[in-house]
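To keep things clear, I will list the structure first and then write my remarks on it.
2 protein chains.
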Amino acid sequence: MKRTEIATYGEFGLIKHLTDKFKIENPSTLKGVGDDAAVLDYSQKRVLVTTDLLLEGIHFDLVYVPLMHLGYRAAVVNFSDIYAMNGHPKQITVSLGISKRFSVEDLEQIYAGINLACEKYGVDLIGGDTSASLTGLTISITCIGEADADKIVYRNGAKENDLICVTGDLGSAYMGLQLLEREKIAFSGNDDVQPDFEGKDYILQRQLKPEARMDIINLLAEKGIVPTAMMDISDGLSSELFHICTQSNIGCRVYEDKIPINYQAAVMAEELNMNIVTAALNGGEDYELLFTASLEDYDKIVTMEGIAIVGHATKSALGLQLVGREGEEIELKAQGWNSLK
Amino acid sequence: MKRTEIATYGEFGLIKHLTDKFKIENPSTLKGVGDDAAVLDYSQKRVLVTTDLLLEGIHFDLVYVPLMHLGYRAAVVNFSDIYAMNGHPKQITVSLGISKRFSVEDLEQIYAGINLACEKYGVDLIGGDTSASLTGLTISITCIGEADADKIVYRNGAKENDLICVTGDLGSAYMGLQLLEREKIAFSGNDDVQPDFEGKDYILQRQLKPEARMDIINLLAEKGIVPTAMMDISDGLSSELFHICTQSNIGCRVYEDKIPINYQAAVMAEELNMNIVTAALNGGEDYELLFTASLEDYDKIVTMEGIAIVGHATKSALGLQLVGREGEEIELKAQGWNSLK
Numbered sequence: 017m018k019r020t021e022i023a024t025y026g027e028f029g030l031i032k033h034l035t036d037k038f039k040i041e042n043p044s045t046l047k048g049v050g051d052d053a054a055v056l057d058y059s060q061k062r063v064l065v066t067t068d069l070l071l072e073g074i075h076f077d078l079v080y081v082p083l084m085h086l087g088y089r090a091a092v093v094n095f096s097d098i099y100a101m102n103g104h105p106k107q108i109t110v111s112l113g114i115s116k117r118f119s120v121e122d123l124e125q126i127y128a129g130i131n132l133a134c135e136k137y138g139v140d141l142i143g144g145d146t147s148a149s150l151t152g153l154t155i156s157i158t159c160i161g162e163a164d165a166d167k168i169v170y171r172n173g174a175k176e177n178d179l180i181c182v183t184g185d186l187g188s189a190y191m192g193l194q195l196l197e198r199e200k201i202a203f204s205g206n207d208d209v210q211p212d213f214e215g216k217d218y219i220l221q222r223q224l225k226p227e228a229r230m231d232i233i234n235l236l237a238e239k240g241i242v243p244t245a246m247m248d249i250s251d252g253l254s255s256e257l258f259h260i261c262t263q264s265n266i267g268c269r270v271y272e273d274k275i276p277i278n279y280q281a282a283v284m285a286e287e288l289n290m291n292i293v294t295a296a297l298n299g300g301e302d303y304e305l306l307f308t309a310s311l312e313d314y315d316k317i318v319t320m321e322g323i324a325i326v327g328h329a330t331k332s333a334l335g336l337q338l339v340g341r342e343g344e345e346i347e348l349k350a351q352g353w354n355s356l357k
Numbered sequence: 017m018k019r020t021e022i023a024t025y026g027e028f029g030l031i032k033h034l035t036d037k038f039k040i041e042n043p044s045t046l047k048g049v050g051d052d053a054a055v056l057d058y059s060q061k062r063v064l065v066t067t068d069l070l071l072e073g074i075h076f077d078l079v080y081v082p083l084m085h086l087g088y089r090a091a092v093v094n095f096s097d098i099y100a101m102n103g104h105p106k107q108i109t110v111s112l113g114i115s116k117r118f119s120v121e122d123l124e125q126i127y128a129g130i131n132l133a134c135e136k137y138g139v140d141l142i143g144g145d146t147s148a149s150l151t152g153l154t155i156s157i158t159c160i161g162e163a164d165a166d167k168i169v170y171r172n173g174a175k176e177n178d179l180i181c182v183t184g185d186l187g188s189a190y191m192g193l194q195l196l197e198r199e200k201i202a203f204s205g206n207d208d209v210q211p212d213f214e215g216k217d218y219i220l221q222r223q224l225k226p227e228a229r230m231d232i233i234n235l236l237a238e239k240g241i242v243p244t245a246m247m248d249i250s251d252g253l254s255s256e257l258f259h260i261c262t263q264s265n266i267g268c269r270v271y272e273d274k275i276p277i278n279y280q281a282a283v284m285a286e287e288l289n290m291n292i293v294t295a296a297l298n299g300g301e302d303y304e305l306l307f308t309a310s311l312e313d314y315d316k317i318v319t320m321e322g323i324a325i326v327g328h329a330t331k332s333a334l335g336l337q338l339v340g341r342e343g344e345e346i347e348l349k350a351q352g353w354n355s356l357k
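Protein sequence lines correspond, in order, to chains A and B.
FYI, the numbering used here numbers position 142 of the first sequence as 158, with every residue one higher than the one before it.
FYI, the numbering used here numbers position 232 of the second sequence as 248, with every residue one higher than the one before it.
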């Protein structure tokens, strides 16, 4: 494969080379890359801002994450935070710290992934920073989104008796990660062994190329539903329930048998002798939405594809309860993934 | 000194601990830290967005940069980009990547510096991300600012015959860096030697604790002057002139004897046998403003303190010319600081 050294381009030449392919699509983007700051028009909407820092060896392992997927994923996880406010992502800035072992072609791969995500979700690249790094790859993305002032959904609006809903399925991304880790170990030092990914495409895709739930946000708007509280599931259902319950001052009862699990993920858990419900509760990285909605919306929600009602909100004093398959109650703890430990 | 391990706090506890002292001051900040995204109201103004990534060993050296200064500086350099658009910074997000060698007290120092900058410049901390790092310290800051739609100043608006102006003095931050580097070498391996910083406080402060030119932006507004083009001087005057001339499709004549130089910086250059004009042209990190203004504003600008008229814009075909003290012409080249080389 062709390898062009990054020093071939100057800093500005490199940024131009990497960002030239990106088109500006949103009317709110008045000026993108190329000045001291980007200029946006949010006179009709509220501005949402979220940011994520991804560090090599902590948030991703380049042994099994292709650079294009990494770029796609880095963008999408930020979009997910904007959808979690019931908004729509519109602009991102991308800063990269890159060491000498990366070539221009490597960066092109990362940006190709970011571009793919931007095109799919209708987001403009408006700026960033590219710098040498003495060590690993660093990706910092800030995403700006828009929302109608009266439709923004926070974490603190859930009320007693509200429905607790999750989208898609949970635990699949974590099982995908377990699979990748297993094959990495099996593969290391043994060039003859090919990783065994047959029949596991779904969980791999969930780990390597997650999607944000734009479709659900559009669907909720179409049905006239404004959730009472919402967040995206990046750290695992337990941890996110903990946030919503704390900030809304409620408790919850969530039913184990209502938690949506994918078949491939369940099979993988079986194979690895792991508990798939634990993966769903604490695995994280699913980038599904957890939201609460008024009981009045029950009839609408129950017919909506891709949304599962997993429980309901209770008085704060009742705590966070998981109701098992035999009716037993287990107190939920926020054991979300924590890179600082 | 007390050392609290970062693992003592969870991720959310740590963020809360570090950001609790920050107050929300701006009416445009509707919701800061604590949800999936911050929420801002920019219905009356345009939104400006800029971002910077600072990596240990590339952009700063912790041997001589105190953590509090680092935090202050990291915030201020972003504010500078917003002022360079003729806007005012209002919100920042701060993401930190931190390795085990840092304690909670270290992070408190960084945030104390950021807080000081935020208070001085009237900026709200609205979010961020804190993560472990396997290697050095990483700081990624995104700054959001506001500007009146008809007052935003880009790099591409300079016209032939416009005045070329710079604020403050140039080259001092670079001479401060040279001093720090010299003392670092003299100091290493020799505990008895104390660094010699006497009479050099100004250039040290310019390197370690730069300020953004909020005062100049306010002054220009007061006098009713809207520059035709503007940017901040982070890479050196040559490099920035190059950007403005290219994007505005003009040339320029800049007079060597008009470039504002501080006395301490000149003495330091002499001591180190360096050329102070070269430092002013290519040193960078001064965070002063370079702007062009219509000739009609000459009478106002010539009386304004802290602004020097250093030359004028010419036809593009005439290129970028530095006129020396003897009247000789030297073509300017953009040799700005480039971390990628």
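We put the CB at the ideal spot given by N, CA and C, even for glycine.
Residue i versus residue j: straight-line alpha-carbon distance, rounded
| i | j | result |
| --- | --- | --- |
| R62(A) | S59(B) | 7 Å |
| V110(A) | H328(A) | 39 Å |
| D212(B) | G299(B) | 22 Å |
| A128(A) | C134(A) | 10 Å |
| T244(B) | R171(B) | 8 Å |
| E197(B) | E238(B) | 40 Å |
| I40(A) | K106(A) | 10 Å |
| H33(B) | V49(B) | 12 Å |
| Y314(B) | E321(B) | 13 Å |
| E345(A) | E304(A) | 25 Å |
| L46(A) | D248(B) | 20 Å |
| G340(A) | I275(A) | 11 Å |
| C268(A) | Q263(B) | 58 Å |
| I233(B) | E162(A) | 29 Å |
| L56(A) | V283(B) | 45 Å |
| V242(B) | L236(B) | 7 Å |
| S139(A) | C159(A) | Checking the sequence shown, residue 139(A) turns out to be Val, not Ser. V139(A) and C159(A): Cα-Cα distance of roughly 9 Å. |
| I130(A) | E286(B) | 49 Å |
| F95(B) | V169(B) | 15 Å |
| K357(A) | I155(B) | Low local confidence applies: a pLDDT of 42 at K357(A) is under 50, so the model's placement there is unreliable, with the coordinate-based value given in what follows. Spanning the two alpha carbons is a distance of roughly 20 Å. |
| G343(A) | A90(B) | 54 Å |
| A309(B) | T183(B) | 13 Å |
| A165(B) | N291(A) | 56 Å |
Neighbour-count burial assignment, residue i, 16 or more Cβ in a 10 Å radius
| i | result |
| --- | --- |
| M17(A) | exposed |
| N177(B) | exposed |
| G87(A) | buried |
| R19(A) | exposed |
| L336(B) | buried |
| V79(A) | exposed |
| G252(A) | buried |
| D122(A) | buried |
Expected contact under 8 Å - CB spacing of residue i and residue j to nearest Å
| i | j | result |
| --- | --- | --- |
| P226(B) | V93(B) | 7 Å |
| A174(B) | I266(B) | 5 Å |
| L334(B) | E272(B) | Between E272(B) and L334(B) the Cβ distance is about 17 Å, and since that is not below 8 Å, they are no contact. |
| G113(A) | L71(B) | 5 Å |
| L83(B) | I22(B) | Actually they are not in contact, since the Cβ atoms of L83(B) and I22(B) sit about 14 Å apart, beyond 8 Å. |
Short Cβ contact (9 Å threshold) for residue i with residue j
| i | j | result |
| --- | --- | --- |
| K216(B) | L195(B) | yes |
| G187(B) | N278(B) | yes |
| I142(B) | T67(B) | no |
| L257(B) | L306(B) | yes |
| C181(B) | A324(B) | yes |
| H85(A) | L224(A) | yes |
| A281(A) | I219(A) | yes |
| E301(A) | S250(A) | yes |
| M230(A) | D52(B) | no |
| E27(A) | T146(A) | yes |
| K200(A) | D77(A) | yes |
| L64(B) | F118(B) | no |
| L348(A) | V270(A) | yes |
| Y99(B) | A189(B) | no |
| S204(B) | S149(B) | no |
| I31(A) | G144(A) | yes |
*May I have a chain-ordered list of the beta strand (DSSP E) segments no shorter than 3 residues that lie completely inside the region 63-142 of chain A?*
Counting only runs of 3 or more, we get 104-114.
*asked:* Which runs of the alpha helix (DSSP H) at least 4 residues long sit entirely within the region 266-341 of chain B? Give them in chain order.
replied: Runs found: 279-287, 292-298 and 314-318.
*Taking only runs of the alpha helix (DSSP H) that begin and end inside the region 211-270 of chain B, which ones reach a length of at least 4 residues, in chain order?*
If we require 4 residues or more, the alpha helix (DSSP H) runs fully inside the region 211-270 of chain B come out as 217-224, 230-238 and 253-264.
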